[in-house]
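Those protein sequences? They're chains A and B, same order as listed. Just so you know, the first sequence maps onto residues 1 to 552 in our numbering. Just so you know, the second sequence maps onto residues 1 to 626 in our numbering. First comes the structure, then the notes that go with it.
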Amino acid sequence: MIIRAISAESTKARRSPIREARNVLFAILSFLVLLVVQQDLKAADAANGGVLFKANCARCHSGNLQVNSTGPALYGIFERVPSREWLYPWIKNSAAVIETGDEYAVKVWEDNNKSPMQAMPHLTDENIDDILAWIEAWAPEEKQETASDVKMFGEDEGLSSMRNAIILLVLVVVSLLGFIVFQVARLRGIDFFAGVNWDKLNARLFLGFFIVGLIGVVWSTRIFYDYFLFDNAASEHGIEIDSLFWITMAVVMMVFVFTNAILFFFAYRYGKDGGRKAKFYPENNKLEMIWTVVPAIVLTILVIFGIRTWGNVMGTPDDEDTLLVEVSGEQWGWNLRYAGDDRKLGDIDVRLIQGANILGVDVTDERTADDFISNELVLKKGQRVDLKIRSRDVLHSVYLPHFRVKMDAVPGMDTRFHFVPNQTTEEYRGYLKSKPQYAVVDTILQIEKRNIDVVNGDTIETIENVVDTVYHYEVFDFELACTEVCGRGHFSMRKVIKVLEPEAWDAWYDSIKVNNMAANLGYVPAENAKPDANDGELANLVGAPAKQSILE
Amino acid sequence: MAESISVAQNSHGNDHGHDSVHDHEHRDNFVTKYIFSQDHKTIAKQFLFTGIAMAVIGLFMSLIFRLQLAYPGESMPFLESIIGKWGSDGILDPNFYLALVTMHGTIMVFFVLTAGLSGTFSNFLIPLQIGARDMASGFLNMLSYWFFFTSCVVMLISLFVTSGPAGGGWTIYPPLSALPQANPGSGLGMDLWLASMAIFIVSSLLGSINYIVTILNLRTRGMSMTRLPLTIWAFFVTAVLGVLSFPVLLSAALLLLMDRNFGTSFFLSDIYIGGEALSNEGGSPILFQHLFWFLGHPEVYIVILPALGIASEVISTMSRKPIFGYRAMIGSILAIGTLSFVVWAHHMYVTGMNPWLGTVFMLLTLIIAVPSAVKAFNYITTLWQGNLKFSPAMLFSIGLVSLFVSGGVTGIFLGNAAIDIPLHDTYFVVAHFHLVMGSSAAFGFFAGVYHWFPKMFGRMMDHRLGVAHFWVTFLSVYLVFFPMHFMGMGGMPRRYYTFSEFQFTNFEIYLDLSEFITIAAILGVFGQFIFLGNFLISIFRGKVASANPWNANSLEWTTPASPGHGNWPGAIPDVHRWPYDYSHPGGKKDYIPQHIPDDDPDWFIDVPAKPAAPKKTPASPTPTEA
Numbered sequence: 001m002i003i004r005a006i007s008a009e010s011t012k013a014r015r016s017p018i019r020e021a022r023n024v025l026f027a028i029l030s031f032l033v034l035l036v037v038q039q040d041l042k043a044a045d046a047a048n049g050g051v052l053f054k055a056n057c058a059r060c061h062s063g064n065l066q067v068n069s070t071g072p073a074l075y076g077i078f079e080r081v082p083s084r085e086w087l088y089p090w091i092k093n094s095a096a097v098i099e100t101g102d103e104y105a106v107k108v109w110e111d112n113n114k115s116p117m118q119a120m121p122h123l124t125d126e127n128i129d130d131i132l133a134w135i136e137a138w139a140p141e142e143k144q145e146t147a148s149d150v151k152m153f154g155e156d157e158g159l160s161s162m163r164n165a166i167i168l169l170v171l172v173v174v175s176l177l178g179f180i181v182f183q184v185a186r187l188r189g190i191d192f193f194a195g196v197n198w199d200k201l202n203a204r205l206f207l208g209f210f211i212v213g214l215i216g217v218v219w220s221t222r223i224f225y226d227y228f229l230f231d232n233a234a235s236e237h238g239i240e241i242d243s244l245f246w247i248t249m250a251v252v253m254m255v256f257v258f259t260n261a262i263l264f265f266f267a268y269r270y271g272k273d274g275g276r277k278a279k280f281y282p283e284n285n286k287l288e289m290i291w292t293v294v295p296a297i298v299l300t301i302l303v304i305f306g307i308r309t310w311g312n313v314m315g316t317p318d319d320e321d322t323l324l325v326e327v328s329g330e331q332w333g334w335n336l337r338y339a340g341d342d343r344k345l346g347d348i349d350v351r352l353i354q355g356a357n358i359l360g361v362d363v364t365d366e367r368t369a370d371d372f373i374s375n376e377l378v379l380k381k382g383q384r385v386d387l388k389i390r391s392r393d394v395l396h397s398v399y400l401p402h403f404r405v406k407m408d409a410v411p412g413m414d415t416r417f418h419f420v421p422n423q424t425t426e427e428y429r430g431y432l433k434s435k436p437q438y439a440v441v442d443t444i445l446q447i448e449k450r451n452i453d454v455v456n457g458d459t460i461e462t463i464e465n466v467v468d469t470v471y472h473y474e475v476f477d478f479e480l481a482c483t484e485v486c487g488r489g490h491f492s493m494r495k496v497i498k499v500l501e502p503e504a505w506d507a508w509y510d511s512i513k514v515n516n517m518a519a520n521l522g523y524v525p526a527e528n529a530k531p532d533a534n535d536g537e538l539a540n541l542v543g544a545p546a547k548q549s550i551l552e
Numbered sequence: 001m002a003e004s005i006s007v008a009q010n011s012h013g014n015d016h017g018h019d020s021v022h023d024h025e026h027r028d029n030f031v032t033k034y035i036f037s038q039d040h041k042t043i044a045k046q047f048l049f050t051g052i053a054m055a056v057i058g059l060f061m062s063l064i065f066r067l068q069l070a071y072p073g074e075s076m077p078f079l080e081s082i083i084g085k086w087g088s089d090g091i092l093d094p095n096f097y098l099a100l101v102t103m104h105g106t107i108m109v110f111f112v113l114t115a116g117l118s119g120t121f122s123n124f125l126i127p128l129q130i131g132a133r134d135m136a137s138g139f140l141n142m143l144s145y146w147f148f149f150t151s152c153v154v155m156l157i158s159l160f161v162t163s164g165p166a167g168g169g170w171t172i173y174p175p176l177s178a179l180p181q182a183n184p185g186s187g188l189g190m191d192l193w194l195a196s197m198a199i200f201i202v203s204s205l206l207g208s209i210n211y212i213v214t215i216l217n218l219r220t221r222g223m224s225m226t227r228l229p230l231t232i233w234a235f236f237v238t239a240v241l242g243v244l245s246f247p248v249l250l251s252a253a254l255l256l257l258m259d260r261n262f263g264t265s266f267f268l269s270d271i272y273i274g275g276e277a278l279s280n281e282g283g284s285p286i287l288f289q290h291l292f293w294f295l296g297h298p299e300v301y302i303v304i305l306p307a308l309g310i311a312s313e314v315i316s317t318m319s320r321k322p323i324f325g326y327r328a329m330i331g332s333i334l335a336i337g338t339l340s341f342v343v344w345a346h347h348m349y350v351t352g353m354n355p356w357l358g359t360v361f362m363l364l365t366l367i368i369a370v371p372s373a374v375k376a377f378n379y380i381t382t383l384w385q386g387n388l389k390f391s392p393a394m395l396f397s398i399g400l401v402s403l404f405v406s407g408g409v410t411g412i413f414l415g416n417a418a419i420d421i422p423l424h425d426t427y428f429v430v431a432h433f434h435l436v437m438g439s440s441a442a443f444g445f446f447a448g449v450y451h452w453f454p455k456m457f458g459r460m461m462d463h464r465l466g467v468a469h470f471w472v473t474f475l476s477v478y479l480v481f482f483p484m485h486f487m488g489m490g491g492m493p494r495r496y497y498t499f500s501e502f503q504f505t506n507f508e509i510y511l512d513l514s515e516f517i518t519i520a521a522i523l524g525v526f527g528q529f530i531f532l533g534n535f536l537i538s539i540f541r542g543k544v545a546s547a548n549p550w551n552a553n554s555l556e557w558t559t560p561a562s563p564g565h566g567n568w569p570g571a572i573p574d575v576h577r578w579p580y581d582y583s584h585p586g587g588k589k590d591y592i593p594q595h596i597p598d599d600d601p602d603w604f605i606d607v608p609a610k611p612a613a614p615k616k617t618p619a620s621p622t623p624t625e626a
């Protein structure tokens, strides 16, 4: 959508087609062409910036740049900051800038509850250029040209919702008026309900409530069925959880419908005509036995299934080839650290967090050197991933809905969750194609295609508008969310998860692993470390005993 | 006064002259009669009014955050006039959203459904139903209310502090609740929350001890434990749960206060926040969760058991049938009470607790479904072949059973640790506990108010408005909470300010659904005004009630329409039977009150007019006639 907006803007700069004045206008034309090209270049940058913004910034900064979210609104940012150059170190690591005592940095920090912006060490200067270009190009009254007959994903229906609110208000007023009329009538001795048999009415309402309610349950389940998670889990253990879920669902629906049915039926049957003689029926031990033993047996079976699945999910894996990734939560984002070639994560201590060392890794630990940080959780299909989960401030919870993964991030205590992704992102997108909510248009890209032909020695340029339609399932990504309330930005702790085929994953891994801790922070082998006053203390802190793993 | 009551208690039944002293003992002025009263009925009404006031506040809080969920990002300028800076430009502040969620939960769970429900009906019914002049200690009872009132005031004050009220969820998990740097709601607002809760716990303990002592010691002659109405059994087990579990929350709250203010590290370790690493080392946030849920889980039974007790009484009376399986009902109350202490960690399956513990708690959690199922089926069997009278109380009791079943069965998903992995902390949980605990208990509360209103105020509530209130409420409760299961099964996490940040939650249909739920909630809240109006007007203008308008058996209906201080103007009646002799085959009417002996020719068909020697009535509900 972002791309579309900007390309729409660029169409304004179309050349004049007057042929007679071609030679005269050539200079101007070439200038215009240059402008278009420049704009196109800029548009590409800004477009990329938009994508980067969504991936990195949008969890705290609203996409509507005039709205404050967790982070401040970014509209007009260039008028506020000391200089454009100032933004680069700030975006990469705001805490480091604050530490330098920079006046504006401290002010921003204080204005935002003293929570520094999450560090983005993975962004290059070019990335930041793009993001800034996008922010610069963003305009408040962004006119979006869309084909009106295409159903767009997430089209704003704000007006209709306000309309519903008005309807509701009218309903409330009408019923209030009705109530007043009713009361006045009553005072004057007119009774609208004089002939009503209340017991019969209530009895019928109970029966009606049950029947209509049951229809409502079936109807709404059909609507939401496509949205249920419990189908095609993206992890191996998830399939097991799903089948247990549906077994339980079968049992529960039977109990739910049967129990409510007899409850409402009895209410109807024995309430509709008053004055009958009630049966004196104080107890029946056989019946009590039945509804003690039957639920007990059913629940025991479910417990046995449950314990087995739970054991499989939580047990120690015996795979030889396991990918170790550390997920650390902070307010309000996640950092992902891969263990690198040695498959071991270096020690970490919050007291070491400083400057570029945003995680507090121990650079003297030899296991640290090849660790690297990734902006996305990229997993290899079929390879078990062992998530080491931690938090540096408050409780968070790592939630991977499509993988049926959830585990709290607890400061001071590492937790673990391991699972095997069983399909790639592409494969999952293919599965989503059949779901109506994903088979809608996500974005319409208007791309200007420039054709340059040489006819009879003349250069003829034509610009062609190509429309490319992107469906929602095509841009689907697995996501990581937080499910333990952690303050203001709780709702926005998003990370993208990608599952790749083994070859593609290997290529990704080889390309990213060079950007490791040793390259970024420098690796100081412990024996070579300069002895200083803090050394002894540091050694004590490394591997402090407060850490425990649930799997050990 | 307390002494004279206990004297009367000891000598009741053989000294009518002494008992009548109570008629002319009124030296009460306005303050001692209505404010610092030691009369259990007045205290019950004080709990009732305070509970209703808190419920109104809690309901309106939910409306504000429901509006945010239905119309995220849309400016609602009226918000600014209600909540000031937290709603500037008509946009709800995300911190205040969390604060509202937190305060809604706290107020509803503790102040409405614990104190409002238990406080009202335990106080009102225990002396009346067991045949006592008052509570064992009227003075402690008065203190209990005033501690409760103080804690309400402190909690409400926290709404007005600059940094806002507590905002870490009603479970106040540290470190979020311990660190003001982490969340503005963890500033002064959190200290006030903890202070309020500490005072609340004192109130609860004073009340509970009093209830237990009164039930054990002050029962009238013949009122054995197996002749107690099920309400009393429910209040009794509730009080025991409260006495055993609330102190644990108190200790957790004190430890948290120390972590917050005195630099201890009970729950804190390895924290980097606000640009600095804290010196706290070695604490465990999980420890707090264990302490919290050791109260927190019994707490949900503290909330629901009194409601179930009230439903037992109302369903039996209004079906004109004995409650089915009286002893099974007592057994299941005791089983639920016992088991409720050993299931707490099912709230913590995915907190990083040792997974082996998860299997134990899974087993125990699903076992607790068995006594719950017994109760549900016993209610339904009580309706079978009954002669149902749909008083508003009866409607709410039947509604309670339906909600208890519908909300209870989803506990089978959540209690199963493996299935809990994807469902934990999603809207599925919100749906589950609002149905099984929140709404059920609220329905029990309404049933109790409608049923005992005549005894409280000597007047009847309007029947038609009661019926209208029930149907609006019942409908809206299902419309609000049932669809939340769908959101949970779509994976939507709870306590989210908006769902626009994630692909898997950002669907138009969820916005539509949120809006639908909000509208249903507004409808439901609107419905509560029917109740409020009916309640307040009926206190002054309702039809004057007779002493026993429902033809009920239990002892409170043997008092005058509006019992005075000391409850019975004459002697306290002796008890000769269980409270559920409805439609007894040998009876002349379809009910036989507890104080009627087996040889009373006014009540029994085949009883010879000659005075028979008093014989021991079996406690079991055996028909006297073959």
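Note that beta-carbon positions come from the ideal geometry of N, C-alpha and C, so glycine has one too.
Take B:Ala520, set aside five residues on each side of it, and the residues of its chain with a beta-carbon closer than 7 Å to its own are Ser476, Leu479, Val480, in chain order.
For the region 455-473 of chain B, the beta-carbon criterion of a distance under 8 Å to any beta-carbon of chain A is satisfied by His463, Arg464, Val467, Trp471. If you check the CB distance, B:Ala136 and B:Val213 come in under 7 Å.
In the three-state DSSP reduction, A:Ala139 falls in the coil class, being neither helix nor strand. The beta-carbon separation of B:Ser397 and B:Ala345, rounded to 32 Å, does not stay under the 8 Å limit for a contact.
Taken atom to atom, the span from the alpha-carbon of B:Arg577 to that of B:Pro229 is near 11 Å.
For A:Val350, the closest alpha carbon among the candidates A:Asp362, A:Val313, A:Val174, A:Gly340 is that of A:Asp362.
DSSP, reduced to helix, strand and coil, places B:Met318 within a helical segment of the structure shown. DSSP places A:Trp86 in the coil class of the three-state scheme, outside both helix and strand. Membership of A:Gln446 in the beta strand (DSSP E) is indicated by the continuous run 441-455. Taking the Cα positions, B:Gly274 is about 29 Å away from A:Gly49. Closest by C-alpha distance to B:Ser319, out of A:Ile190, A:Val475, A:Lys277, is A:Lys277.
Contact residues of the region 301-313 of chain A toward chain B are Leu302, Val303, Phe305, Gly306, Ile307, Arg308, Thr309, Trp310, Gly311, Asn312, Val313 (C-beta to C-beta distance below 9 Å).
At a cut-off of 7 Å between C-beta atoms, A:Ala105 does not count as an interface residue with respect to chain B. Cβ-Cβ distances below 8 Å link A:Glu474 to Arg429, Asp442 in the same chain, with the five nearest sequence neighbours on each side left out; the list follows chain order. In the DSSP annotation of this structure, B:Ser340 is not part of any beta strand (DSSP E), being labelled neither H nor E. Taking the beta carbon of A:Ser492 as reference, the chain B residues within 7 Å of it are Glu501, listed in sequence order.
Per DSSP, B:His424 lies in no beta strand (DSSP E) segment and is marked neither H nor E. Within chain A, Asp393, Val394, Leu395, Pro411 have C-beta atoms less than 8 Å from the C-beta of B:Pro175, given in sequence order.
Taking 7 Å as the cut-off, the Cβ atoms of B:Leu218 and B:Leu140 do not count as close. In chain order, Gly352 make up the part of chain B whose C-beta sits under 7 Å from the C-beta of A:Thr415. Any Cβ of chain B closer than 7 Å to the Cβ of A:Trp219 would place that residue at the interface, and such an atom is absent.
In the displayed model, B:Glu299 falls within a helix according to three-state DSSP. Listed in chain order, the non-local C-beta contacts of B:Ile157 below 7 Å within the same chain comprise Leu192, local neighbours out to five positions each way being set aside.
Relative to A:Asp226, the option among A:Tyr438, A:Trp505, A:Phe476 whose CA is nearest is A:Tyr438. Nearest CB-CB separation between B:Gly325 and chain A: below the 7 Å threshold.
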